[in-house]
Amino acid sequence: MKHLIRHVLFIAIATIGLGVHAQTVAPPAMIDVAGSPMQVNSVGSGRYTVIFESGFGTDLRAWRKVAPALAGSARVVSYSRAGLGASPARPEPRTLLQSSLELDQLIAAAGLRPPFILVGHSYGGLLARAFAVRHPEMVAGMVLVDPSDERFAPALRKIDAAKVDADDARFDAIVPAKFKPELALLKPVLDSGVFPIAGSLPQIPVVLLTSMQPADKPEFFLETPPARELLRDLHAQFARGFRNGEHIVTVNSGHNIQLEEPALVVQAVQRVIAAAEALQPISK
Numbered sequence: 099m100k101h102l103i104r105h106v107l108f109i110a111i112a113t114i115g116l117g118v119h120a121q122t123v124a125p126p127a128m129i130d131v132a133g134s135p136m137q138v139n140s141v142g143s144g145r146y147t148v149i150f151e152s153g154f155g156t157d158l159r160a161w162r163k164v165a166p167a168l169a170g171s172a173r174v175v176s177y178s179r180a181g182l183g184a185s186p187a188r189p190e191p192r193t194l195l196q197s198s199l200e201l202d203q204l205i206a207a208a209g210l211r212p213p214f215i216l217v218g219h220s221y222g223g224l225l226a227r228a229f230a231v232r233h234p235e236m237v238a239g240m241v242l243v244d245p246s247d248e249r250f251a252p253a254l255r256k257i258d259a260a261k262v263d264a265d266d267a268r269f270d271a272i273v274p275a276k277f278k279p280e281l282a283l284l285k286p287v288l289d290s291g292v293f294p295i296a297g298s299l300p301q302i303p304v305v306l307l308t309s310m311q312p313a314d315k316p317e318f319f320l321e322t323p324p325a326r327e328l329l330r331d332l333h334a335q336f337a338r339g340f341r342n343g344e345h346i347v348t349v350n351s352g353h354n355i356q357l358e359e360p361a362l363v364v365q366a367v368q369r370v371i372a373a374a375e376a377l378q379p380i381s382k
């Protein structure tokens with residue numbers, strides 16, 4: 099079962115991390131965010147605030163190998179969205195927009211100050227993009243770690259719709275019941291091929307990391323080489339949309355690059371910060 103969960107992705111959404119018991123550098127705090135407690139870990143200081151968005155069903159522990167290494171040069175913030183980690187669930191539907199709005203609330207409650215560097219893994223990549231579209235003036239750069247792409251499922255269906263349906267059915271059978279309502283709201287977005295929040299991303303430094311580590315025995319269609327090559331090409335196309343965009347492919351880690359190859363993520367954040375500094379020098 100551990101091997102299955104490690105490799106199960108639903109249109110590039112991570113589920114690994116459910117039930118992972120690991121320690122962060124310091125005990126996370128519980129802060130009031132719009133009347134609801136939220137688990138937050140904030141360390142370090144600097145001109146930039148690095149905000150981490152975890153994948154689907156994962157909490158702030160997903161960044162335990164990355165965040166401490168960046169605390170010497172920036173304020174580093176990881177958090178557990180509502181219903182994850184120690185953050186209690188909220189009654190509002192878990193849509194992409196709702197989760198993005200709650201990041202607004204967290205920023206206000208914690209007194210976080212831009213410029214922000216957003217780091218999103220898998221589904222968290224969609225959330226990073228959503229915030230950047232809604233608040234382009236606050237975002238100085240992004241790092242997307244094997245991110246979900248709303249164009250992936252429609253493109254896969256053109257290759258073999260039956261195999262995509264089979265993936266969906268198998269995933270639905272094993273996903274924990276507590277995540278099924280959120281997944282039901284997210285799946286139409288991923289099937290549509292259209293990003294659900296209108297607007298354009300700012301022209302900021304972006305590094306996008308893609309895993310191309312072969313699966314020993316692919317159990318899902320989206321793990322097979324043709325599917326991974328398709329996602330890699332979509333990632334490359336996305337990165338080319340930025341004047342200061344970089345696409346990095348790794349075969350040394352799987353979907354959870356931040357856990358298996360954390361130094362690669364740390365270096366990507368550092369490069370984005372350096373590029374942002376070059377574009378936005380401190381006024382004298």
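My numbering numbers the first residue of the sequence shown as 99 and each following residue consecutively.
Beta carbons are placed, not taken as given, at the ideal position from N, Cα and C, and that holds for glycine.
- Judged by DSSP in its simplified three-state form, Ala187 adopts coil rather than helix or strand.
- Pro303 and Gln356 have their C-alpha atoms some 19 angstroms from each other.
- Secondary structure of Ser171 (DSSP, three-state): coil.
- Per DSSP, the beta-bridge partners of Phe214 are Thr147 and Val237.
- The secondary-structure analysis by DSSP pairs Ala264 with nothing; it has no beta-bridge partner.
- Taking a contact to require three or more Cβ pairs closer than 8 angstroms, the segment 167-182 and the segment 144-158 qualify as touching.
- Excluding sequence positions up to five before and after Asp130, its CB lies within less than 7 angstroms of the CB of Ala207, all in the same chain and listed in chain order.
- Restricting attention to beta strand (DSSP E) runs no shorter than 3 residues, the segment 284-354 encloses them at 304-309 and 343-348, ordered along the chain.
- Judged by DSSP in its simplified three-state form, Asp130 adopts strand.
- Shown here, Gln365 sits in a helix according to DSSP, grouped into three states.
- Secondary structure of Ser198 (DSSP, three-state): helix.
- Shortest Cα-Cα distance from Ser185 to any of Ser140, Met128 and Ala132 involves Met128.
- Judged by their CB atoms, Pro300 and Pro234 are nearer to each other than the 8 angstroms cut-off.
- For Ala230, the uninterrupted alpha helix (DSSP H) segment begins and ends at Tyr221 to Arg232.
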